[in-house]
Amino acid sequence: MRKKQIVIGVAVIAVMGYLYSLPVKGLVKPKEATRGTAAAATASALKPNANINAASVSALAKPSIDMSIAKEITGLEEKLKTAGQADKVTLQKQLAKAWDSVTQPAPAAFYYLEVARKSNSMADWLDAGNRFNAAYKIAQDTAAQGTYVANAVEAFNHATKLQPANLEAKTGLGVAYVNGGAMPMQGIALLLDVVKQDPKNHDALLNLGMFAIKSGQYEKAVDRFKTLLAQKEEIEANFYLAESYKQLGKKQEAIAAYEKCKELMNDPVAGQRIDEYIKELKK
1 MRKKQIVIGV AVIAVMGYLY SLPVKGLVKP KEATRGTAAA ATASALKPNA
51 NINAASVSAL AKPSIDMSIA KEITGLEEKL KTAGQADKVT LQKQLAKAWD
101 SVTQPAPAAF YYLEVARKSN SMADWLDAGN RFNAAYKIAQ DTAAQGTYVA
151 NAVEAFNHAT KLQPANLEAK TGLGVAYVNG GAMPMQGIAL LLDVVKQDPK
201 NHDALLNLGM FAIKSGQYEK AVDRFKTLLA QKEEIEANFY LAESYKQLGK
251 KQEAIAAYEK CKELMNDPVA GQRIDEYIKE LKK
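With the first letter of the sequence shown counted as 1, position 265 gets the number 265 in full-length UniProt numbering; the numbers rise by one all the way through.
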């Protein structure tokens, strides 16, 4: 349940960011099709930045969360500074869960990573990798994105060594490779292998669809998102389906997908922006 709530929360943040990162009017050329493409290319050349860590991302995130939860987190952080080795893992897990509860994947990721490095547990590596991929998805800072990618690759590499056939680990590693820009085709190959084994795999289909948009392959993107939506209605798939239809000039289909996205988000601010998109398509 916790993972599902995090995924939904990140999806809303990602869509909101996309809504306000592009002009309403006109089509977007493939090379400009998505925010973060240039950042991904830059990120590929970066190694983890020591200045981007649990403390730094936590400090940035605290002003945007509930004050009482921020206070609780600060208390746990203070305990962690003086804790013995036996207590550190327990406190790191508590901090990770606290950040999860307010949909802040970046600080949660760093705590899960520290836990995983000690436990070498499959579940802990997956938690760390998934949070770093989510953090990359909503990050604006290219230096931070490079660190998130590098740490996601570390986490999923460990996970795939523990369980080479695990589809969640393969999917996460594939996404991280494409995000990093250094090995995009290797990443796509991993995702395609996942879909071959599990044609309805949610994360692989969603990311293949989004990467198809980045490369201007809008027909392929439509196919991926429609496969997802045949299983269950969701925010991101509808939004990016609408974007794909818009690029293909299929205005009525785009409007219908935007309307469904607006209904699912149930957010007045996002709804107003989506209405602007729809209004432009109706001209």
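Heads up, the beta-carbon is just placed ideally off N, CA and C, and yes, glycines get one too.
For residue j and residue i, believed in contact at Cβ under 8 Å, the rounded distance
i           : j      : result
ILE73       : LEU95  : 6 Å
ALA128      : ALA155 : 4 Å
VAL222      : GLY180 : So it is not a contact: roughly 26 Å between Cβ atoms.
residue 349 : ALA256 : In the structure as shown, the chain begins at 1 and stops at 283. Residue 349 is therefore absent and cannot be evaluated.
LEU173      : LEU190 : 6 Å
LEU167      : ASN201 : 6 Å
PRO105      : SER58  : So it is not a contact: roughly 12 Å between Cβ atoms.
ALA176      : ASN207 : Contact flag wrong, Cβ pair sits at about 10 Å.
GLY271      : LYS262 : 5 Å
VAL153      : VAL115 : The pair is not a contact, with the Cβ atoms about 18 Å apart (cut-off 8 Å).
Reduced DSSP secondary structure (H/G/I, E/B, other) of residue i
i      : result
GLY209 : helix
LYS183 : Strictly speaking, residue 183 in this sequence is Met, with Lys absent from that position. MET183: coil per DSSP, three-state reduction.
GLY84  : coil
GLU233 : coil
GLN197 : helix
VAL12  : helix
MET89  : With the sequence shown as reference, residue 89 is identified as Val, and Met is not the correct amino acid for it. In this structure, VAL89 counts as helix in the three-state DSSP scheme.
THR147 : helix
THR103 : coil
SER215 : coil
SER244 : helix
ILE188 : helix
ASN53  : coil
GLN163 : coil
GLY249 : coil
GLN140 : coil
SER64  : helix
Residue i and residue j closer than 8 Å at C-beta
i      : j      : result
VAL10  : THR103 : yes
ILE213 : SER244 : yes
LYS62  : ALA70  : yes
LEU281 : LYS260 : no
ILE278 : VAL12  : no
LEU113 : ASN151 : yes
ALA50  : ILE138 : no
ALA109 : ALA135 : yes
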